[in-house]
Every structure is written in C-alpha cells, then in structure tokens.
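S.K.:
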Amino acid sequence: MKVMKFGGTSVGKSERMHQVAQLITRDNEPKIVVLSALSGTTNTLVAIGEALSKGDKQEAKQVIDNLEQHYKNFITALVKQDTSREKANAIIAEHFEFLNIITKISFNEALNKDILAQGELMSTKLFCVYLEEIGVKHFLLPALEFMSIDANDEPQLPSIRQKLTALLEQHKDIALFITQGYICRNARGEVDNLKRGGSDYTASLVAAAANASVCEIWTDIDGMHNNDPRVVKKTIPVEQLSFEEAAELAYFGAKILHPTCIWPAQQEKVPVKLLNTMQPEAAGTVITKDAGSVGVKAIAAKDGIIAINIKSTRMLLAYGFLRKIFEVFEKYRTPIDMITTSEVAVSVTIDNPAFLDAIVKELEPFGNIEVDRDQTIVSIVGNDIAQTQDILSKLFEALKPVPVRMVSYGGSRHNVSLLIPGNYKTETLQLLNKGLFGLE
Ligand code: ADP
Ligand code: ASP
Ligand code: MG
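Each residue of the sequence shown is one higher than the one before, counting from 103 in the working numbering.
1. Between LYS239, PHE248, PHE241, LEU154, which lies nearest to ASN202 when the distance is taken from Cα to Cα?
2. May I ask whether a heavy atom of the ligand ASP can be found less than 7 Å away from the beta carbon of GLY109?
3. Would you say GLY299 touches the ligand MG, meaning its beta carbon is less than 7 Å from a heavy atom?
4. According to DSSP, is ARG416 helix, strand or coil?
5. Can at least three beta-carbon pairs, one atom from the stretch 124 to 139 and one from the stretch 336 to 349, be found at a separation below 8 Å?
6. Out of curiosity, what's the CA-to-CA distance linking LYS159 and GLU211?
7. For VAL148, which three-state DSSP category applies?
8. Find out if the Cβ-Cβ distance for the pair TYR232, MET380 is shorter than 8 Å.
9. Where does CYS363 fall in DSSP's three states?
10. Quick check on DSSP: helix, strand or coil for THR127?
11. Since ASN328 and PHE539 should fall inside the 8 Å C-beta cutoff, what is the C-beta to C-beta distance between them, to a whole number of angstroms?
12. Under 8 Å, do SER481 and ILE401 count as touching if we go by C-beta distance?
13. Can SER112 and THR321 be called in contact, C-beta distance under 8 Å?
14. What are the boundary residues of the beta strand (DSSP E) that GLY114 is part of?
15. In chain order, what residues of the same chain have a beta carbon less than 6 Å from the beta carbon of ASN214, not counting five sequence neighbours either side?
16. When you compare the CB positions of ILE467 and ILE452, do they come within less than 8 Å of one another, or not?
17. Alpha carbon to alpha carbon, how far is LYS391 from LYS368? Give it in angstroms, no decimals.
18. Measure how close the beta-carbons of ASN470 and LYS413 come, nearest whole angstrom, since I'm counting them as under 8 Å.
19. Could you give the distance in angstroms between the alpha-carbon of GLU199 and the alpha-carbon of THR205?
20. Report back the beta-carbon spacing between GLU170 and ILE194 to the nearest angstrom; my notes put them in contact at under 8 Å.
21. Tell me the rounded alpha-carbon separation between GLN264 and GLY109.
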C-alpha cells in the first residue's frame, strides 16, 4: 500500500486534477490518495468564518457567491459528459446550500470548523466524479469516519489505525482509495481539523496506520530546498533528509511540510518523499531514518515569535527557579521553543500569544519581565551539525550585520537556532545562503 498526498496547487486547476489521475494510475500498487482543498479555498473559507464571526452576513454571502462561481467554472473544465456535469453540479449545490444556510443561523466555533471542512469534502468528491468519467475504479473513504483527535487535539495513531483497517477490510476488492486531508473528528465527535497545512499530517498518519511502503507528498516544488524559496532567490533541493532533520525543518517554518507531520511516518519507519506534481520525474527529497551525509542541509525560519526575558537576582545559586517558571507555561498549555539562561536571567520564546498577558502576570513575582514581539527563529538544520567544523564561526562571520538576540546550540545534534528581530529575516536568510551554501 502506498500513500500519495496532493496539495492545493496540485488539484487547484482542472488540468492539474487530470494530471493527478494520471500520476495515481501509473502503477498497480494499491493506494490511498489524500487530497487537499483546491488552492485558495481554505483561505476563502477562513474569510467566510471571519465575516460571520463579526456578524457581517453580507460580506460572507458575497465571498460564498464568488467561491461558488469559481467551482462552477472549475467543473466545466474538469468533466465533459453531461451525466458527470450533473453529478458535479449537484455536489457543488449541496455544499454551497450548506454554506448559505450557515449565514442564516447563529455562528459558533464548532460551525466554523464545519465551514473549514467544505474544501476537502468538495475536492475529493469532484475528483471521484472525474475518475468515474474516465473509468478508474476507486472508493471514497470518508476521513471523518477514521481520522480523529483527542481532547488535547492530538491524533491518536492506534485508534486511527483500528478504524482505517476496518474500513479497508470492508473493501478488499478496491485498489484505489481517495480520502480528505486536513479534516477529522474531535473528542466531542464534532468536525474539526489538523490545523492549516494539515493534509500532510493526514497523509503521514494514514501511511503509518496502513503500514504503507511510502508516503509521497506531491506539491508545487521539487522537494525540500536548502532555504526558503519564498524569501531567497537561489535555492536548491536537498536529496536526502533524516526524519529528525525533516521534523526540525517542518517545525521551524519550512512550509512544504506541516509542523508536526513527520512523527507518524517516523514512528512506523515509513519513508516520506517530497515530489513535484508539475515535474514528476524530478528526484525530490527522500526522508528516511538515514541522513545520508553529515553537515548543514537546510535553513528555515519561523515568524511571529515572542521572546520573554525574566531577570532576577534571586536566581543566583537558587534551585527550583526554572521549574516554577516552566510551570506557568505548562498551566497555559503554551510550548516553549527556545531557552537561554544566565546566572541572573532566563529568556524563553513562544509562538502562541493567546495567553501572553496571563503568563506575564504570573511571571511578575519572579523578577523583572521584558517582552519582545515580532521576533523570528532561524534554524540551521543538518545531521550532527554541532560536530561540524567551524559551524559557529561560519555562522557568525556570515551574520555580522544581524543583531542576534539568542542562540541555541547543542540542544539537538541536528539544529542550531538563532533568534533575530523579524525585520532582519530576509537579510539573515540571504546572508546564510551565501555564507553556508555559497549561493547568491
Ligand atoms: P501544498 O499546497 O502542496 O501543501 P504548500 O504551499 O503547503 O503546498 O508547500 C509548498 C511551498 O512551501 C512551496 O511552494 C514553497 O514556497 C514553500 N516552502 C517554504 N520553505 C520551503 C523549503 N525549504 N523547501 C521547499 N518549499 C518550501
Ligand atoms: N486545505 C488545508 C489548508 O489550506 C489543508 C492543506 O492544504 O494541507 O490549510
Ligand atoms: Mg501544505
């Protein structure tokens, strides 16, 4: 069994969907195909939710109507036969009727999750109409019947595996399954999701649950690049990454992968491949337990970081101080990314501002608190990077003009992280591209 996931741009145009159908029928290995929503759809659904949460029903209606027109145009190019068009039109009508009803009832967060689920529900159903038209036997596996998260919003692999296996058992004659990325049910049984970009997470969870031979993530670029191609002009694909390296890059901002999508594949040792739908023959990136080589592989950056500095002379020779500080973050379920300490101060970073005020209030009795917003973590990732000769001298040589605020070195063998003011991000990534990779 092989898992193939296609992202938004890979299904965003009718000709791309046609190409996806070709890619999944190139060999006879049984497959589970995970699809995202058409590109732009989830952003639009977010906008609808935002308009409704502000009580602006007119704005919501306008956005819904525009989106409906987009889908009507999409299906005229997707399918040719009248019967297929009728089916596709009926699917669109059903989902847009739902969105229109929602504008008339009172809005709440659970309803918002239902709105966000419409993109993947439509893309998979429309793709199945196309497969039927071209005579490809398949079965649509509803993700809401097997993909679930617990009360802490964490997917539980054993229960996903149990439900998915039972569903696959019921359809032994089928070699091609289609399912929705991103969407799931929560502990209350409501429709929920795996957070933005979550279709990658679905693919990895499905691959782990089905003991797949490989988890292929098909997107709009030929693999994980050495630096962020949205920021830096000249970047090159990385051939091979270990699970640890890929997980660090994903967590620290490489958008090609959802931040936490590597662990399920890693746990079940399923290789992950990053491939380009627009250039299917390109080698892409292979992610396995082996790193392939030692040294710097890639750089990623994560924006919107908040640095909190706690200064206190009471820390001098005191024990238990850090525990008390960490307990505050634990209480507000806010993970800490970076930490540095000195005899009289400790600096930590967080990326979730939701409880910042409450956290600062509870930290105040410990000392003098300073908060810096709009910071960026830049992570330099590679196998045994801390052992790589000259890494720190090269780094600081390259970054002479950048006011580096924190450095994290040695916490993991695969990562050196720097905290810089957000407005230095572009310059930092460009300088490191030259200093570490010789690319300009
Ligand atoms: P999909 O819709 O297929 O899930 P995404 O937009 O989520 O695609 O991810 C692919 C994009 O990730 C690329 O187009 C690229 O702009 C961005 N990206 C950011 N960092 C990297 C990186 N290091 N390597 C490759 N792509 C990256
Ligand atoms: N459609 C969702 C999003 O845009 C999930 C995904 O594409 O991975 O975030
Ligand atoms: Mg994505």
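Idealized CB from N, CA, C, for every residue including glycine.
M.R.: Per the coordinate set shown:
1. Nearest to ASN202 by C-alpha distance, out of LYS239, PHE248, PHE241, LEU154, is LEU154.
2. Checking every heavy atom of the ligand ASP against the Cβ of GLY109, one is found closer than 7 Å.
3. Yes, the ligand MG has a heavy atom inside 7 Å of this Cβ.
4. DSSP, read as helix, strand or coil, puts ARG416 in helix.
5. With the cut-off at 8 Å, the stretch 124 to 139 and the stretch 336 to 349 do not touch.
6. The C-alpha of LYS159 lies about 16 Å from the C-alpha of GLU211.
7. Secondary structure at VAL148: helix, using DSSP grouped into helix, strand and coil.
8. For TYR232 and MET380, no; Cβs fall outside 8 Å.
9. DSSP places CYS363 in the coil class of the three-state scheme, outside both helix and strand.
10. For THR127, the three-state secondary structure derived from DSSP is coil.
11. The beta-carbon separation of ASN328 and PHE539, rounded to 6 Å, stays under the 8 Å limit for a contact.
12. A Cβ-Cβ contact shorter than 8 Å links SER481 with ILE401.
13. Yes, Cβ-Cβ distance for SER112 and THR321 is below 8 Å.
14. No beta strand (DSSP E) contains GLY114, which DSSP labels as neither H nor E.
15. In the same chain as ASN214, and ignoring 5 residues on each side of it, the C-beta atoms closer than 6 Å to its own belong to GLY151, in chain order.
16. Checking the sequence, you will find Pro at residue 467 rather than Ile. Result no, Cβ atoms of PRO467 and ILE452 do not sit closer than 8 Å.
17. Residue 368 is actually Gln in this sequence, not Lys. Note on geometry: alpha-carbon atoms of GLN368 and LYS391 lie some 7 Å from one another.
18. Right, their Cβ atoms sit about 4 Å apart.
19. If I take the Cα positions, the gap works out to 10 Å.
20. Cβ-Cβ separation between GLU170 and ILE194: approximately 7 Å, consistent with a contact (criterion under 8 Å).
21. Rounded to whole angstroms, GLN264 to GLY109 spans 26 Å at the Cα level.
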